[in-house]
Amino acid sequence: MAAVLKKRALAEYSNVLQVDAIPLYNTLIEHYLKEEEPAVRVKIINILSQMVQGNLIEPFSLFEDLQPLLKGETSHKAIAVLLSIFHQIKRIEKDDKLHLQIFQLAKKYLNNRSYEVKCAALSVIGDFIALDDKSETFQSTLQLLAEYSHDHEPRVRTEALNALLNLHDRGVKLDSTLYEEVCEALTDDYEGVRMAALRLIDVISHLHSEKLVAVGSDEQIRLADDAFARICKMITDPSTNVRVLAASLLGEFKEVSLEFLNQTLDKKLMSSLKKRRSGLDGQKEYNEENSWSSGKKMHFEAPKEEVEDDVNLMSSGACGAFVHGFEDEMQEVRTATLDSFCKLATHFPSFAATSLDFLVDMFNDETEEVCLKAIHCLQKISLHIMLREDQLKTILVVLEDFSMDLREALHAMLAMCRLTNKECLKFCIDSLLKNLMRYPQDKRSIWKCLQQLGSRHPYLTLPLVPELLSIHPFIDMTEQNIEDPAYM
92 MAAVLKKRAL
102 AEYSNVLQVD
112 AIPLYNTLIE
122 HYLKEEEPAV
132 RVKIINILSQ
142 MVQGNLIEPF
152 SLFEDLQPLL
162 KGETSHKAIA
172 VLLSIFHQIK
182 RIEKDDKLHL
192 QIFQLAKKYL
202 NNRSYEVKCA
212 ALSVIGDFIA
222 LDDKSETFQS
232 TLQLLAEYSH
242 DHEPRVRTEA
252 LNALLNLHDR
262 GVKLDSTLYE
272 EVCEALTDDY
282 EGVRMAALRL
292 IDVISHLHSE
302 KLVAVGSDEQ
312 IRLADDAFAR
322 ICKMITDPST
332 NVRVLAASLL
342 GEFKEVSLEF
352 LNQTLDKKLM
362 SSLKKRRSGL
372 DGQKEYNEEN
382 SWSSGKKMHF
392 EAPKEEVEDD
402 VNLMSSGACG
412 AFVHGFEDEM
422 QEVRTATLDS
432 FCKLATHFPS
442 FAATSLDFLV
452 DMFNDETEEV
462 CLKAIHCLQK
472 ISLHIMLRED
482 QLKTILVVLE
492 DFSMDLREAL
502 HAMLAMCRLT
512 NKECLKFCID
522 SLLKNLMRYP
532 QDKRSIWKCL
542 QQLGSRHPYL
552 TLPLVPELLS
562 IHPFIDMTEQ
572 NIEDPAYM
């Protein structure tokens with residue numbers, strides 16, 4: 092009975108709120124029209140936005156009331172906030188006709204001289220445009236957003252690119268023709284523009300991974316490879332936020348070619364990513380009469396403007412991207428780089444084996460978080476690698492660390508790894524026993540690790556059994572204490 096009374100009271104209370112909201116709404120609108128201070132008008136708009144969010148105002152009525160307010164408003168800040176209310180309307184009202192009216196209204200404010208108003212209008216356009224790929228309105232709006240990505244105001248450029256991202260989130264397949272324009276934004280002076288461009292390049296590369304794009308005058312590569320190389324280059328960006336984003340996006344490129352992926356481990360451009368002119372082309376030029384000298388014929392020098400360099404399929408600035416990420420001074424960049432590295436190494440087993448030394452070096456990182464991330468990464472790729480003795484020397488130093496989280500993570504990682512020979516196994520066992528003597532509280536974790544090491548390496552364990560158990564073929568050795576944790 093009490094529950095029924097509570098429900099009835101809540102229902103009556105909600106009805107009172109809905110009834111009382113109407114005069115409150117009217118009072119706010121009247122006060123807005125009389126108020127001369129822009130800051131107060133902005134505050135009133137924020138209250139109206141909260142009322143919309145709480146379903147206290149009818150969306151159609153609000154839209155009808157906002158139109159005259161927008162026309163009479165002189166404050167750019169107030170106009171921008173008024174436009175932002177429309178986002179709340181979309182979450183409540185799904186009427187396409189109303190959405191079209193809001194879209195058309197927002198387009199009128201793109202000519203406003205204030206960057207705040209332009210940004211708000213672009214955001215509304217990206218949220219309310221009808222998703223009809225074949226309509227002229229949709230195509231012209233896409234072109235409009237592309238044009239505003241070159242606006243003189245950096246915040247407007249950022250919002251235009253974000254509007255394109257919003258279209259993708261709503262299910263629009265962005266055309267590959269946008270790729271070149273978006274790539275130009277990577278050199279923008281404004282951090283926000285570069286970050287939005289990175290996200291768009293990532294989106295377009297997944298939608299059109301196999302499409303060919305021009306590199307140089309006569310070479311073409313896959314769009315996925317070109318996008319990967321461009322994002323690699325942003326690993327050295329001056330902005331920490333851009334570097335973190337670029338590092339995190341690298342892990343999403345499951346379509347990248349292996350030669351481009353291997354280049355991320357070498358700061359010098361590999362020969363496989365350089366395209367040289369063929370011998371047939373050189374012979375053909377040699378046989379042509381009355382032609383400019385190429386500089387490749389004997390006793391002839393070429394005019395400087397005619398000399399053709401090798402075409403690099405990957406910018407030298409993009410080489411060694413993972414190396415740059417691992418060496419970055421910011422912990423956030425190193426962590427993001429490790430995450431992406433782990434994803435790609437899991438997907439490309441040969442890359443995991445090639446890059447193992449770089450990952451092992453991260454065990455020496457000065458921060459516990461990065462070292463822990465490196466341990467987890469090595470554990471995930473353990474199926475694709477085999478540890479050598481020199482690598483184990485670097486890895487097992489972590490067993491001396493004071494952090495119990497690091498030590499236990501390393502125990503779990505060692506239990507999953509494969510070792511190359513019995514010397515590696517013996518070295519692991521000795522290091523774990525030293526760990527047990529130094530930190531007795533780790534005994535359960537160490538026992539489990541040793542058990543897994545033995546089961547994974549039966550042929551390496553067998554030759555070590557006499558030494559480990561102190562067994563001699565014809566001499567009766569001193570009996571070990573069965574309560575000794577190391578002997579157990």
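Under the numbering used here, the first residue of the sequence shown carries the number 92, and numbering increases by one thereafter.
C-beta atoms are modelled at their ideal positions from N, C-alpha and C, and glycine is treated no differently.
Terminal residues of the alpha helix (DSSP H) in which residue i lies
i	result
residue 460	459–471
residue 134	129–144
residue 522	513–529
residue 413	412–418
residue 475	It is not in any alpha helix (DSSP H) - residue 475 carries neither H nor E in the DSSP assignment.
residue 483	480–486
residue 507	495–507
residue 423	422–438
residue 550	549–552
residue 448	447–452
Residue i Cβ short of 7 Å to the ligand ADP heavy atom set
i	result
residue 274	No copy of the ligand ADP appears in this structure; indeed no ligand is present at all.
Supposed close pair residue i, residue j - CB separation, criterion 8 Å
i	j	result
residue 313	residue 298	With 8 Å as the limit, residue 313 and residue 298 do not qualify as a contact, their Cβ atoms being about 13 Å apart.
residue 174	residue 211	4 Å
residue 453	residue 331	With 8 Å as the limit, residue 453 and residue 331 do not qualify as a contact, their Cβ atoms being about 19 Å apart.
residue 248	residue 279	7 Å
residue 443	residue 475	4 Å
residue 551	residue 513	4 Å
residue 413	residue 340	Their Cβ separation, rounded to whole angstroms, is 13 Å, which puts residue 413 and residue 340 out of contact at 8 Å.
residue 168	residue 129	6 Å
Pairwise C-alpha distance: residue j and residue i
i	j	result
residue 135	residue 300	48 Å
residue 328	residue 449	21 Å
residue 204	residue 250	15 Å
residue 336	residue 289	8 Å
residue 582	residue 429	Since the displayed the chain opens at 92 and closes at 579, residue 582 lies outside it and no answer follows.
residue 222	residue 263	7 Å
residue 478	residue 310	40 Å
residue 269	residue 462	40 Å
residue 498	residue 488	10 Å
residue 506	residue 213	54 Å
residue 410	residue 352	10 Å
residue 468	residue 338	15 Å
residue 252	residue 217	10 Å
residue 307	residue 142	56 Å
residue 471	residue 433	7 Å
residue 200	residue 445	55 Å
residue 179	residue 465	43 Å
residue 165	residue 229	30 Å
residue 345	residue 326	18 Å
residue 522	residue 491	9 Å
residue 348	residue 447	19 Å
residue 544	residue 495	20 Å
residue 215	residue 343	29 Å
residue 234	residue 292	17 Å
residue 272	residue 240	9 Å
residue 438	residue 237	35 Å
residue 548	residue 431	30 Å
residue 246	residue 283	8 Å
residue 208	residue 198	11 Å
residue 528	residue 493	14 Å
residue 555	residue 517	8 Å
residue 119	residue 281	39 Å
residue 163	residue 316	52 Å
residue 503	residue 540	6 Å
residue 515	residue 483	7 Å
residue 137	residue 260	26 Å
residue 294	residue 153	36 Å
residue 159	residue 116	16 Å
residue 285	residue 126	40 Å
residue 350	residue 151	57 Å
residue 183	residue 190	11 Å
Residue i (DSSP reduced to helix, strand or coil)
i	result
residue 272	helix
residue 152	helix
residue 147	coil
residue 265	coil
Could you give the uninterrupted runs of the alpha helix (DSSP H) lying entirely in the region 286–363, keeping only those of 4 residues or more? Fully enclosed alpha helix (DSSP H) runs of 4 or longer: 314–324, 331–341, 349–354.
Just list the alpha helix (DSSP H) runs in the region 208–260, keeping only unbroken ones of 4 residues or longer that don't cross its boundaries, in chain order. Fully enclosed alpha helix (DSSP H) runs of 4 or longer: 227–239, 245–260.
Mind listing, in chain order, the continuous alpha helix (DSSP H) runs of no fewer than 4 residues lying wholly within the region 161–216? Taking only runs of at least 4 residues, the alpha helix (DSSP H) segments lying wholly in the region 161–216 are 167–183, 187–199.
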